[in-house]
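Trainee:
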Amino acid sequence: MIEIRSHFSLKEHNTFGISAFAKAYTSVSTIQQLREVLAYYYNEEVFLLGGGSNMLLLNDIKRPVVHVNLKGIDLLKQDNEHVFVQAMAGENWHEFVIFCIENNWAGIENMALIPGNVGTSPIQNIGAYGVELKDTFVSCTVMNIKTGDVKTLHLEDCKFGYRESIFKNEALGKYVITSVTFKLTDITKTNDYQLKTSYGAILNELENLQIEPSIQSVAQAVINIRSSKLPDPKVIGNSGSFFKNPIIEKSYYEDLIRMHPSIPHYPVNEKQVKVPAGWLIDQCGFKGQRRGDAGVHDKQALVLVNHGNASGQEIIALAKEIQSMVQNRYGITIETEVNLIQN
């Protein structure tokens, strides 16, 4: 049995805390309920809601909202060194990371405290501190929105790139991700697992903690670093990193450093480098700035925040102002990482 609620407030269901309403809202907790509600709305385009973490609501949602609340974590199989773990789409990502760490399963500890749910993690190919989802991703099960058919998409099918996947391109609007399967390392059965501690400030934080590197301590270091830079959505509305770090040609970067000698970068390949968007925004003087209740976080310029009653339109206006100044000063286009939801 599915329950459809009208004029439903989404303020508690988006981490920006934007006050917007759904014309119709349904929460589903089983595959059968999901299939039923998609069939019910066969002639309409639905809006799929997960953890509400990577989106900015610009208006009320006129499409039917289907909240995917499928729960469960299962150990599918294990071999000498690895475990294959399936998590349902409605599981909270950070809680899943902690669950894996508690079971001595390694591979996603660097992605602790990323907001959102497991089901939306492949869409963005989420990543942090030198690790991306695709590094441990095996497959995901998806339901065709129009037919209700379920199938499995494997790593090569998903066409992962930097914050990119098939779900943002040719498969956009075609599927609901219902579960994701990961291949993780059982550290109780191997001495060969290599912790990834070279990215960002992880090593420094481990030294501050004065504890031996382990998947537990790496996760704690990441939690500490993210907490020091990123605001808690429960305290102040935000969606984490609002912009992607731009990837530019190495030749252009070499021109830039003549004018801006301190501009940082990370190599992508022989011809391209990644420049931190937060640094660019900070250099343009936006850190801590406010336009009414729309603002830039005072500790991390990559994060836009809602100080209370900002609308989605006010936040995107600030974002466009930032994009324009970065483009004018550095000749670099910074793209939004957050999904902009029109209606």
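Heads up: the sequence shown begins at 1 in the UniProt record's numbering, then just goes up one per residue.
The beta-carbon is built from N, C-alpha and C at its ideal position, and this holds for glycine as well.
1. Which whole-angstrom value describes the C-beta separation of E337 and S241, a residue pair presumed to lie in contact below a C-beta threshold of 8 angstroms?
2. How about V142 and I177: do their beta carbons lie closer than 9 angstroms?
3. Which same chain residues end up closer than 7 angstroms to H82 when comparing Cβ atoms and leaving out the 5 residues on each side of it in sequence?
4. Rounded to the nearest angstrom, what separates A310 and I341 at their Cα positions?
5. Where does G312 land, buried or exposed, given buried means 16+ other C-beta within 10 angstroms?
6. Assign A128 to buried or exposed, taking buried as 16 or more other Cβ atoms, counted over all protein chains shown, within 10 Å of its Cβ.
7. Run the CB neighbour count on M55, radius 10 Å, all protein chains shown included, and call it buried at 16 or more, exposed below.
8. For K151 and M88, I'd like the C-alpha separation in whole angstroms.
9. Taking the alpha-carbon positions, what's the N144 to V118 distance?
10. Please state the DSSP three-state secondary structure of H67.
11. Between which residues of its own chain and E3 is the CB-CB distance below 7 angstroms, once the five residues before and five after are set aside?
12. Indicate whether D135 and G107 have their beta-carbon atoms separated by less than 9 angstroms.
13. Looking at I248 and Q220, is the spacing between their C-beta atoms short of 9 angstroms?
14. What do you reckon, are the CB atoms on V180 and Q86 nearer than 9 angstroms?
Mentor: A quick look at the data gives this:
1. 5 angstroms
2. yes
3. Beyond the five residues adjoining it in sequence on each side, H82 comes within less than 7 angstroms, by CB distance, of K183, L184, T185 and D186 in the same chain, given in chain order.
4. Pairing A310 with I341, the inter-Cα distance amounts to about 15 angstroms.
5. The residue is buried, with at least 16 neighbouring Cβ atoms inside 10 Å.
6. Buried: at least 16 other Cβ atoms inside 10 Å.
7. buried
8. 14 angstroms
9. Straight through space, the alpha carbons of V118 and N144 are spaced by roughly 18 angstroms.
10. Residue state, collapsed to three classes: strand.
11. T26
12. Yes, these two residues count as a Cβ contact at 9 angstroms.
13. no
14. yes
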